[in-house]
Amino acid sequence: MNWFLISALAMVATAVIHSVAGERRLVGPALAGRHGVFANAQSRKVLRGAWHLTSAFMLLTAAVMIWPDTDGQLKALVAGVWLVIGLVSLVSTRGKHVGWPTLTLSGIAGLAGAWA
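As numbered in the working numbering, residues 21 to 136 make up the sequence shown, in order.
This is the structure in structure tokens:
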């Protein structure tokens, strides 16, 4: 089984969900009010950009997992970070954060590949 591919696919799914659902359910509504710091157009651009930049970094880590020349220790490090983020998300939101399963799966699959 190609654990690194499974990890990368879960990371891609997380990135897509993060951008699409985050824009519709969090970023868009937060910026629509235009109150406080979001009254400033530049602040709105920075928040939206940073939100989607996070998704781009998720895609970058997916590429690391399937890139043939990437060191196994680096893949294990990336996977470990995803696993920790998934578990922190699970515990801190008591399972209510929609992303904890794919975050955690990304980490577990990546570590399985690194240890295989």
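Here a beta-carbon is modelled for each residue, glycine too, at the ideal position from N, C-alpha and C.
Only a predicted model underlies this, so the values are computations on that prediction, with no experimental measurement involved.
Taking a contact as a CB-CB distance under 8 Å, the pair Met31 and Thr90 does not count as one, their CB atoms being some 14 Å apart.
By the CB criterion at 8 Å, Gly100 and Gly133 fall outside the cutoff. Between Trp71 and Ala50, the alpha-carbon positions lie close to 12 Å from each other. Bounds of the alpha helix (DSSP H) holding Val104 are Gly92 to Ser112. Comparing alpha carbon positions, the residue from Phe77, Ser39 and Ser112 closest to Arg68 is Ser39. Assigned with DSSP and collapsed to three states, Lys116 falls in coil, not helix or strand.
Burial is judged here by how many other beta carbons sit within 10 angstroms of a residue's own beta carbon; Thr74 has fewer than 16 and is exposed. By the criterion of a C-beta distance shorter than 7 Å, Ile26 is surrounded in its chain by Ala129, once the five residues flanking it on both sides are discounted.
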